[in-house]
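Asks: Quick note on my numbering: the sequence shown kicks off at 2 and runs consecutively.
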Amino acid sequence: MAVSIPFQTIQWDNIPKEEHPGISGTSFWQVLQLPGLRIRLVEYSAGYLADHWCQKGHIVHCLEGEFESELETGEIFTLTVGMSYVVSDGASSHRSISKNGVKLLIVDGDFLARNS
């Protein structure tokens, strides 16, 4: 079912940061939640290692710094400024690692659900 989202701007400075600790380091999320769509600015501190393997689909774009996306299969992909990745819900287990800190734009939502 399509949802109509009217034109709007996002003033990220007005959206509070939520703290999410990792196994090491911390991530900070600023979240705009719309029907069936979540848009986040996410910052990982230096030394960040996610505390879980994620199965959720995302579009991730690196705005500042660099990070690694590790797949549960052992593959590691390094993303630097200007690079993106995309994955559907349930298509892979992945987690983020940041040695020096990074700032990301992450979009996820119903459109990334895998068809049954």
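Where a beta carbon is used, it is the ideal one built from N, C-alpha and C, also for glycine.
Would Ile6 be called buried (16 or more neighbouring beta carbons within 10 Å of its own) or exposed?
Replies: The residue labelled residue 6 in the question sits at position 5 within the sequence shown. Flag for Ile6 reads exposed.
Asks: Grab me the residues of Phe78's own chain with a C-beta within less than 6 Å of its C-beta, minus the 5 sequence neighbours each way, in chain order.
Replies: By 1-based counting over the sequence shown, the position of residue 78 is 77. Contacts found: Ser70.
Asks: Going by C-alpha to C-alpha distance, which of His21, Ser93, Val32 sits closest to Asn15?
Replies: On the sequence shown, position 14 is the one that residue 15 refers to. Closest option to Asn15, Cα to Cα, is Val32.
Asks: For Leu113, which of Leu50, Val61, Tyr49 has the nearest alpha-carbon?
Replies: Within the sequence shown, the letter at position 112 stands for residue 113. Checking every option, the nearest Cα to that of Leu113 belongs to Val61.
Asks: Quick one: measure Cβ to Cβ for Leu64 and Lys104, integer angstroms, because I've assumed they're closer than 8 Å.
Replies: By 1-based counting over the sequence shown, the position of residue 64 is 63. By 1-based counting over the sequence shown, the position of residue 104 is 103. About 5 Å separates the two Cβ atoms, so the contact holds.
Asks: Within its chain, find whatever has a CB closer than 6 Å to the CB of Ile24; leave out the 5 residues flanking it on each side and keep chain order.
Replies: One-based indexing of the sequence shown puts residue 24 at position 23. Only Leu50, Asp52 meet the Cβ criterion.
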